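So the sequence shown is numbered by the working numbering: it starts at 3 and just counts up by one.
Here's the structure, in structure tokens; my notes come after.
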Amino acid sequence: MNLQKRKQLLDSVQRKYKKKKYFVLLMALFTLSVNAFAWFAFTTQTGVEIKGEVAAWDIQFLDDTHEEVHDAIVVVSNMRPGMPDFEKTYIINNQSDVPAKLSYEVLSVSILGREVDLTNISDKDVYLNTNYPFSIQVEQEKINIPSKDSSNFKVLVTWSFESATPIYYKLNNVYDYDEYFTYYSKVENTYQETQISDETYTINRDSLYLDKDDADTYFGMECKTYETTTGYPCLDINLRLHVEQINS
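Following this line, the structure appears as structure tokens:
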């Protein structure tokens with residue numbers, strides 16, 4: 003996409019955000035940009051004994067205000083290129099007599115109402131961190147949590163506006179054709195411009211790439227349009243946290 007057209011589109015997004023800023027802040031629960039659910043579960047293993055008695059098993063899940071939670075909703079509003087970095091922290095508090103192991107699972111990811119196929123993706127963390135112009139990262143302070151100790155679990159969302167080096171993103175079912183974008187094919191380790199029309203886009207989509215400028219523009223515009231027309235979040239991530247006892 004040429005610089006003038008991209009600037010016009012991004013200016014349009016910014017004007018919409020300015021008009022909606024007060025409303026978005028008040029109605030954040032209805033116009034969410036990111037809605038990540040985390041189901042907290044813990045399992046008691048039988049046969050774990052300390053001094054001949056069954057070990058006490060007491061796990062607490064706390065949010066960053068230290069309030070106990072069972073289901074968690076992570077909300078990022080006003081999601082756009084150049085947005086301030088977002089961070090949400092949960093605290094897993096092990097008040098048990100035995101150490102515990104923390105793990106998590108990415109259950110599903112939907113973007114623009116379209117579920118991303120994660121079936122053949124071996125490392126979902128890397129995928130979420132690198133396959134889109136926005137980055138979703140999950141950090142665990144500790145995997146093994148000693149007795150009477152705690153660990154932080156963080157969800158980070160960042161979206162830089164520019165990159166010092168060229169970045170290209172492989173297309174999937176989340177993307178629609180746009181005649182203003184420049185499409186690329188990957189030949190060995192280089193990206194080459196390729197001529198794509200509305201008629202040839204579908205059959206070639208999964209082998210095409212967009213550079214970061216066009217990917218930023220696409221998601222900046224489409225996320226705003228999707229949220230405005232549907233009332234649903236642009237990005238929806240389902241996570242499950244799991245804590246289990248460690249046999250000593």
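By construction, the Cβ of each residue, glycine as well, lies at the ideal position given by its N, Cα and C atoms.
Computed from a predicted model, the values in this text were never measured in an experiment.
Any C-beta of chain D under 8 Å from that of residue i
i           : result
residue 110 : The chain inventory of the structure shown lacks chain D, comprising one protein chain alone.
Sequence-distant residues of the same chain with beta carbon closer than 8 Å to residue i, five excluded per side
i           : result
residue 109 : 240, 241, 242
residue 225 : 35, 81, 82, 114, 236, 237
Top-ranked residue by Cα proximity to residue i, from the options
i           : options            : result
residue 229 : 216, 148, 153, 115 : 115
residue 86  : 223, 171, 160      : 160
residue 270 : 102, 249, 231      : In the structure as shown, the chain starts at 3 and stops at 250, and residue 270 therefore has no counterpart that could be examined.
residue 171 : 195, 248, 213, 177 : 213
residue 177 : 134, 188, 192      : 134
Contacts around residue i, its chain only, beta-carbon distance under 7 Å, and the 5 residues preceding and following it disregarded
i           : result
residue 152 : 93, 94, 95, 96
residue 123 : 129
residue 208 : 173, 174
residue 179 : 200, 203
residue 62  : 70, 95, 97
residue 206 : 198
residue 126 : 108, 120
Cβ neighbours of residue i in the same chain (closer than 6 Å, five flanking residues each side left out)
i           : result
residue 158 : 89, 139
residue 83  : 161, 163, 218, 222
residue 148 : 101
residue 1   : Any property of residue 1 remains undetermined from this structure, which presents the chain solely from 3 to 250.
residue 185 : 196, 198, 210
residue 251 : As shown, the chain starts at 3 and ends at 250. That puts residue 251 outside it, with no answer to give.
Coarse secondary structure for residue i, derived from DSSP in three states
i           : result
residue 182 : coil
residue 201 : helix
residue 120 : coil
residue 208 : helix
residue 26  : Confidence in residue 26 is poor, its pLDDT being 34 and thus under 50, which makes the residue's placement too unreliable to answer from.
residue 216 : helix
residue 192 : strand
residue 129 : helix
residue 163 : coil
Beta-ladder partner(s) of residue i, from DSSP
i           : result
residue 102 : 147, 247
residue 110 : 240
residue 227 : BP columns for residue 227 are empty, so no partner.
residue 90  : 157
residue 63  : 94
residue 70  : 64
residue 140 : 157
residue 134 : Residue 134 pairs with nothing; no bridge assigned.
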